[in-house]
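Our numbering applies: residue 46 is where the sequence shown begins, and numbers increase by one.
Even glycine gets a Cβ: it sits at the ideal position worked out from N, Cα and C.
This report concerns only the one structure given below.
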Amino acid sequence: MNFGLNKRQKIIIASVILTFGLLSTQLVDFNLRFRFLAGLTVLAYILSLWALWEGINFLKAIILLILPTLFALGLASFYFLLPVRWLTRLPVALIFGLSYYLLLLSQNVFNVASIRTIPLYRAASTTAFLFTLITAFFLFNVIHAFNLLFIWNGLLVFTVGFFLILQIIWSIDMKERLSTAVTVQSFTLSFSLAEISMVLSFWPMVTTMWSLTLASVMYVLIGLTTQILRDRMGRRVLWEYLSIGTLIFLVAFLTTSWTG
């Protein structure tokens, strides 16, 4: 499985292969792109598992690979919405490759930190949180672009939100088993996110603003929850998150065309 490669080399190889896989989506017939997208998502999981194989168990093989897999799915799906120009798509593909490399490095830190304490844990947590929000934005953008019924928007947002929130909350203590508390907290937050998405489905918002608003709501929900779980919640922290949430709501309100 290792082929004489260390973990960093495997992470680089996985990132390069997925970058070329993303670029190749532009070379296949349009009718085959959805199948190709599914194949790229599966490939992202397999390559990520291969790159992080050392020291990984069954639970981490699921939880740690949620974010890399969904990030690949989200950006590849969003990739189809970009203008059909290599001048636009090539830089995005290069950014994807670098981002995927950084993402796998952060997941590797979690893999090691679950066994012993290492100083890079805080940096990895910040990176994972940032990529979680970026992934959510991409996937929410694609969901809204399909112009589905509000109930389907809620169901899809709940599914995406549950898995993204689950891996963030689990990374706080990284227990050997997935606790009921982590599952319930993830379910509650994702259900709240889904309810808000259904309400916003009746709001005449453009796709970018819709996904940005939901990603911002996720930021507030996850941020407050993680601060509480880490015993860092205070009045200043509470007001910071609420202020950001209020600001995003005002921006969404002011940028919405109420006259059609």
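Exposure of residue i, with buried meaning 16 or more beta-carbon neighbours within 10 Å
| i | result |
| --- | --- |
| Thr162 | exposed |
| Phe298 | exposed |
| Trp215 | buried |
| Asn153 | buried |
| Leu257 | buried |
| Ser69 | exposed |
| Ser170 | buried |
| Phe294 | exposed |
| Val229 | exposed |
| Thr177 | buried |
| Ser302 | exposed |
| Ile56 | buried |
| Asn186 | buried |
| Val205 | buried |
| Ile273 | exposed |
| Val227 | buried |
| Phe312 | Look at the range of the chain in this structure, 46 to 305, and you will see that residue 312 is not part of it. |
| Thr270 | buried |
| Leu292 | exposed |
| Thr114 | buried |
| Leu109 | buried |
| Ala59 | buried |
| Leu201 | buried |
Whether residue i touches residue j by CB criterion (8 Å)
| i | j | result |
| --- | --- | --- |
| His189 | Trp255 | yes |
| Ser242 | Gly290 | no |
| Thr180 | Leu112 | yes |
| Leu238 | Phe183 | no |
| Gly119 | Val61 | no |
| Val157 | Gly100 | yes |
| Ala96 | Leu149 | yes |
| Gln71 | Arg134 | yes |
| Leu77 | Ala117 | no |
| Ser122 | Leu165 | no |
| Leu245 | Leu259 | yes |
| Ser151 | Ala173 | yes |
| Ile196 | Arg275 | no |
| Tyr145 | Val137 | no |
Reduced DSSP secondary structure (H/G/I, E/B, other) of residue i
| i | result |
| --- | --- |
| Arg134 | helix |
| Val251 | coil |
| Arg80 | helix |
| Phe174 | helix |
| Gly279 | coil |
| Asp218 | helix |
| Ser246 | coil |
| Val73 | coil |
| Pro113 | helix |
| Arg167 | helix |
| Leu63 | helix |
| Ser256 | helix |
| Arg53 | helix |
| Ile289 | helix |
| Thr153 | Looking at the sequence shown, residue 153 is not Thr but Asn. Asn153: helix per DSSP, three-state reduction. |
| Leu201 | helix |
| Asn224 | Correcting the residue type first, residue 224 is Ser in the shown sequence and not Asn. Coil at Ser224, not helix or strand. |
| Leu184 | helix |
| Phe193 | At residue 193 the sequence reads Leu, which differs from the Phe that was named. It is coil, neither helix nor strand. |
| Asp236 | It should be noted that the sequence gives Phe, not Asp, for residue 236. Three-state DSSP puts Phe236 in a helix. |
| Ile267 | helix |
| Ile241 | helix |
>> Quick check: the region 221-240 against the region 96-114, are at least 3 beta-carbon pairs closer than 8 Å?
In response: In the pairwise beta carbon analysis, the region 96-114 is classified as touching the region 221-240: at least three pairs are separated by under 8 Å.
> Counting Cβ pairs, one atom from each stretch, are 3 or more of them under 8 Å apart for the region 253-272 and the region 284-294?
Replying inline: Segment contact: the region 253-272 against the region 284-294, three or more CB-CB distances shorter than 8 Å; contact assigned.
> Touch check for the region 73-93 and the region 201-211: three-plus C-beta pairs under 8 Å?
Replying inline: Of all C-beta pairs linking the region 73-93 to the region 201-211, fewer than three are shorter than 8 Å, placing the two stretches out of contact.
> Hey, which unbroken runs of the beta strand (DSSP E) at 3 residues or more fall wholly within the region 82-107?
Replying inline: The qualifying runs do not exist here; there are none.
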